[in-house]
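Asker: Here my numbering = 1-based position in the sequence shown + 47. For each residue, glycine too, the CB sits at the ideal point set by N, CA and C. Note that the structure is a prediction, hence the values are computed from the model and not measured. This is the structure, below, for whatever I ask next.
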Amino acid sequence: MTLIEARDVTFAYDSRPVLRDVSLTVRRGEVISLLGPNGSGKSTLLKVLLGLLRPARGSVRLKGTEIGRIDPRAVARQIAYVPQSHRGAFSYKVIDVVLMGRLPHKPFFFSYSGKDRDIAHEKMARLSIAHLAERPYTELSGGERQLTLIARAMTQGAEIFVLDEPATGLDYGNQLRLLEEIIKLAREGYTFIKSTHSPEHAFWLGDRSVMMKDGAVIGDGRTASVVTNESLFALYQARVSVVRINGSFRVCVPHAIDSHTKMTVTGEEEKIVFLPLTL
């Protein structure tokens, strides 16, 4: 089932074009990695898909209806947004941040019900952060904040998650934990659109990748087919080799490393391969 359809979308900040005739279809259960260099239009496209920005030309439809014609609260019940970074201006407790996901379901003057709190606690337990409930949000690590925002998105009741470079600034372990949670949730039927700078993250998540450059889509399809030596050079002007590990898993090895060898204690030559965080 098609959930989101963007067709021939063009967008500009003032007179500076940022998106150029972008078309994208998002189907239920997909995990889409949006790859591209800085300034390629990834974040702007995500905001257009969310209905936060209105395209100058083209259309975005949510389940067949023009997104600009849908009440924002109704959109929020279907699409949840996890920003690139979020520190929070106030020392809300983590449980209070997660409960904010229930706002699209509440009237203007409200108090959270027992059901709301049960939903919030359930989602926190699902992400193994129940022990953080009473902690001030501003005191969390980067990984804990990202998991809190995903718990808020789940509490929101949305089936579509839009994540803008969610692993930015996270350490090795928290990147792993975040990607693992995305995979688990995708297996449960949630849909993800995630921007990233990391081809390895796209390989880890599998499914589908969309490559953007200069505001246009230059590749869209199965990650293993789209993310290649040639396409990565076209995006980043970086020479790498996409190498298979154990016959299936793919990693990106810079040419300078790929061509380097060392001698082992047995005297045999062994190629140096830097394994990514995702193994």
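1) Is it the case that the stretch 72 to 88 contacts the stretch 235 to 250, given that we only count it when at least three CB pairs across the two stretches are under 8 Å?
2) I'd like the ranges of any beta strand (DSSP E) spanning at least 3 consecutive residues and lying wholly in the stretch 177 to 261.
3) Alpha carbon to alpha carbon, how far is residue 89 from residue 295? Give it in angstroms, no decimals.
4) Is residue 74 helix, strand or coil by DSSP?
5) Please classify residue 205 as buried or exposed, where buried requires at least 16 neighbouring CB atoms within 10 angstroms.
6) As an exercise, report each continuous beta strand (DSSP E) stretch of at least 3 residues that is fully enclosed by the stretch 100 to 169, in chain order.
7) Could you tell me which residues DSSP puts in a beta bridge with residue 51?
8) By the 10 Å Cβ neighbour count, where 16 or more other Cβ atoms means buried, how is residue 171 classified, buried or exposed?
9) Once DSSP output is grouped into helix, strand and coil, what is the label at residue 91?
10) Out of 247, 186 and 168, point me to the one whose CA is closest to residue 197's CA.
11) When the distance is taken between beta carbons, is residue 138 closer than 9 Å to residue 55?
12) What residues in its chain sit with their C-beta under 6 Å from that of residue 330, if we drop five residues either side in the sequence?
13) On a Cα-Cα basis, can you pick out the residue from 93, 145 and 166 that is closest to residue 52?
14) For residue 117, which residues from the same chain have a beta carbon less than 7 Å from its beta carbon, with the 5 sequence-adjacent residues on both sides left out?
15) Mapping DSSP to helix, strand and coil, what is residue 270?
16) In angstroms, rounded to a whole number, what distance separates the CA positions of residue 65 and residue 160?
17) Can you tell me whether residue 222 is buried or exposed, with buried defined as 16 or more other CB within 10 angstroms of its CB?
18) For the alpha helix (DSSP H) containing residue 295, list its first residue and its last residue.
19) The alpha helix (DSSP H) that contains residue 276, what's its start and end?
20) Is DSSP giving residue 286 helix, strand or coil here?
21) For residue 262 and residue 210, what's the separation of their Cα atoms in angstroms?
22) From this set, 149, 185, 157 and 165, which residue's C-alpha is nearest residue 141's C-alpha?
23) Return the Cβ separation of residue 124 and residue 152 in integer angstroms, given the expectation that the two are a contact with Cβ distance under 8 Å.
24) Between residue 274 and residue 267, how many whole angstroms is the CB-CB distance? I'm expecting something under 8 Å.
Answerer: Let me lay it out:
1) Touching, yes.
2) 207 to 211, 238 to 243 and 255 to 260
3) As a first step, residue 295 must be located in the sequence shown, where it is residue number 248. As a first step, residue 89 must be located in the sequence shown, where it is residue number 42. Computed Cα separation, rounded: 28 Å.
4) Here residue 74 refers to the residue found at position 27 of the sequence shown. The three-state secondary structure of residue 74, taken from DSSP, is strand.
5) The sequence position of residue 205 within the sequence shown is 158, counting from 1. Buried: at least 16 other Cβ atoms inside 10 Å.
6) Qualifying beta strand (DSSP E) stretches, in chain order: 104 to 109 and 126 to 129.
7) What you label residue 51 is simply residue 4 of the sequence shown in a count that begins at 1. Looking at the DSSP assignment, residue 51 forms a beta bridge with 73 and 109.
8) In the sequence shown, the residue the question calls residue 171 occupies position 124. So residue 171 ends up on the buried side.
9) The count along the sequence shown starts at 1 and reaches residue 91 at position 44. Helix.
10) For the purposes of this step, residue 197 is identified with residue 150 of the sequence shown, where counting begins at 1. Comparing Cα positions, the closest option is 168.
11) The sequence position of residue 55 within the sequence shown is 8, counting from 1. The sequence position of residue 138 within the sequence shown is 91, counting from 1. For residue 55 and residue 138, no; Cβs fall outside 9 Å.
12) Lying outside 48 to 326, the shown extent of the chain, residue 330 is not represented and no answer is given.
13) By one-based count along the sequence shown, residue 52 stands at place 5. Nearest C-alpha to residue 52: 93.
14) Within the sequence shown, numbered from 1, the residue matching residue 117 stands at position 70. Closer than 7 Å at Cβ, skipping near neighbours: 109.
15) As a working note, residue 270 is residue 223 in the sequence shown. DSSP places residue 270 in helix when its eight states are reduced to three.
16) For the purposes of this step, residue 65 is identified with residue 18 of the sequence shown, where counting begins at 1. For the purposes of this step, residue 160 is identified with residue 113 of the sequence shown, where counting begins at 1. One C-alpha to the other measures close to 43 Å.
17) Here the question's residue 222 lines up with position 175 in the sequence shown. Residue 222 is buried by the Cβ-count criterion.
18) Here residue 295 refers to the residue found at position 248 when the sequence shown is read from its first residue. Premise fails: residue 295 is in no alpha helix (DSSP H) and is neither H nor E.
19) Taking the sequence shown and counting its residues from 1, the one referred to as residue 276 is at position 229. Where residue 276 is concerned, the enclosing alpha helix (DSSP H) stretches over 276 to 283.
20) The residue given as residue 286 occupies position 239 in the sequence shown. In the structure shown, residue 286 sits in coil (DSSP, three-state: anything other than H, G, I, E or B).
21) Here residue 262 corresponds to residue number 215 of the sequence shown, with the count starting at 1. Here residue 210 corresponds to residue number 163 of the sequence shown, with the count starting at 1. Distance between the alpha carbons of residue 262 and residue 210 is about 18 Å.
22) Counting from one through the sequence shown, the residue named residue 141 turns up at place 94. By alpha-carbon distance to residue 141, the top candidate from 149, 185, 157 and 165 is 185.
23) Numbered from its first residue, the sequence shown carries residue 124 at position 77. Numbered from its first residue, the sequence shown carries residue 152 at position 105. So it is a contact: roughly 7 Å between Cβ atoms.
24) Start at 1 with the first residue of the sequence shown, and residue 274 comes out as number 227. Start at 1 with the first residue of the sequence shown, and residue 267 comes out as number 220. Not a contact, Cβ separation roughly 11 Å.
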